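Heads up, the thing below is written out as structure tokens.
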Amino acid sequence: MDMKEKILAIAQRLIQTRGVNGFSYADIAREVGVSKPSLHHHFPTKADLVARLMAHYTEQLETYLASVSEHQNTTIDKLKAYTALYRHTLDSERICLGGMLSAEALTLDAQILPLLRRFFDVQRQWLIKVLTEGTSRGELQLVGAIDQHACTLIAALQGALVVSRSAGSVEFFDHTVDGLLSHWY
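Just so we're aligned, residue -9 is where the sequence shown starts under our numbering, counting upward by one.
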């Protein structure tokens, strides 16, 4: 892992556990073992760091969703694999990077907001495709607009991560996922 990757990994962990406003370059420098000016060499500003991290996080998501589409045959299996990604985040005692940044959207640099919107749009578009296919194949029983169901699932997962974390229990997350998906099939 090169220096840039180390910096990004530490920044991701700090944002997912504390929020973007809950850490400084000094925190990263201390963990990496370099000076703050050295960090600025790789990422001139905190906004540059967060923007690169958000772009990378979205790229990882796209790769994961492509793999799910390729390797999971049924709509239910695809949805379970999608929700498992969120559950893994919770099991890692973190909040989704996109969700954490959304909570702090009013304080983010303008360059980050389009990247954040893209992160959620990638999920929404993938879910629309999966839900449309599942409905056409008779695997899902959805009433109403597919787009609404996609948005509902994303929002429910993001909210369940936050509440489960504050409750100190994965049960809230699991009940949310099971309760929502059980109405669809």
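Here a beta-carbon is modelled for each residue, glycine too, at the ideal position from N, C-alpha and C.
Bear in mind that the values here come from a model prediction, so they are computed numbers and not experimental data.
>> Less than 7 Å between the C-beta atoms of ILE102 and VAL152, yes or no?
In response: As a working mapping, residue 102 is identified with position 112 in the sequence shown. As a working mapping, residue 152 is identified with position 162 in the sequence shown. No, the Cβ-Cβ distance between ILE102 and VAL152 is not below 7 Å.
>> Would ILE85 and GLN138 qualify as a contact pair, given that the criterion is a beta-carbon distance under 7 Å?
In response: On the sequence shown, position 95 is the one that residue 85 refers to. On the sequence shown, position 148 is the one that residue 138 refers to. One thing to note: ILE85 has its Cβ no nearer than 7 Å to the Cβ of GLN138.
>> Between which residues of its own chain and GLY9 is the CB-CB distance below 8 Å, once the five residues before and five after are set aside?
In response: Numbered from 1 along the sequence shown, position 19 holds the residue referred to as residue 9. Within the same chain, GLY9 has close Cβ partners MET90, ALA93, GLU94.
>> For the stretch 72 to 84 against the stretch 151 to 167, do three or more pairs of beta-carbon atoms, one drawn from each stretch, fall closer than 8 Å, so that the two count as touching?
In response: yes
>> Contact defined as beta carbons within less than 8 Å: I believe LEU143 pairs with LEU170. What is the distance between those atoms, to the nearest angstrom?
In response: The sequence position of residue 143 within the sequence shown is 153, counting from 1. The sequence position of residue 170 within the sequence shown is 180, counting from 1. That belief holds up - the Cβ atoms of LEU143 and LEU170 are roughly 7 Å apart, short of 8 Å.
> At which residue ranges does the stretch 4 to 74 contain complete alpha helix (DSSP H) runs of 4 or more residues, listed in the order of the chain?
Replying inline: The qualifying runs are 15 to 22, 26 to 32, 36 to 61.
> In chain order, what residues of the same chain lie with their CB nearer than 6 Å to the CB of PHE33, ignoring the 5 residues before and after it?
Replying inline: Locating residue 33 in the sequence shown gives position 43, where the first residue counts as 1. Here the set comprises LEU39.
>> Can you list, in chain order, the residues of its chain with a C-beta nearer than 7 Å to that of TRP174? Leave out the 5 residues immediately preceding and following it.
In response: Position 184 of the sequence shown, counted from the first residue, corresponds to residue 174. Exclusion of the five residues before and after TRP174 leaves LEU130, GLN131, LEU132 as the residues of its chain whose Cβ lies within less than 7 Å of its Cβ.
>> Counting C-beta neighbours from all protein chains within 10 Å, is the total for GLN113 16 or more, i.e. buried, or is it exposed?
In response: One-based indexing of the sequence shown puts residue 113 at position 123. Under this definition GLN113 is a buried residue.
> Should GLY128 be labelled buried (16 or more other beta-carbon atoms within 10 Å of its own) or exposed?
Replying inline: For the purposes of this step, residue 128 is taken as residue 138 along the sequence shown, with counting starting at 1. With fewer than 16 Cβ atoms within 10 Å of its Cβ, GLY128 is classed as exposed.
> Which residues in the same chain have their Cβ closer than 7 Å to the Cβ of ALA146, if we skip the five residues on either side of it in sequence?
Replying inline: As a first step, residue 146 is located in the sequence shown; it is residue number 156 there, counting from the start. So the list reads THR166, LEU170, once near-sequence residues are dropped.
> Comparing alpha-carbon positions, which option in ILE118, THR35, THR64 lies nearest ALA140?
Replying inline: By 1-based counting over the sequence shown, the position of residue 140 is 150. Selected option, being the one with the closest Cα: ILE118.
>> Starting from ARG127, trace the alpha helix (DSSP H) in both directions and tell me its first and last residue.
In response: Taking the first residue of the sequence shown as 1, we reach residue 127 at position 137. Where ARG127 is concerned, there is no enclosing alpha helix (DSSP H), given that its DSSP letter is neither H nor E.
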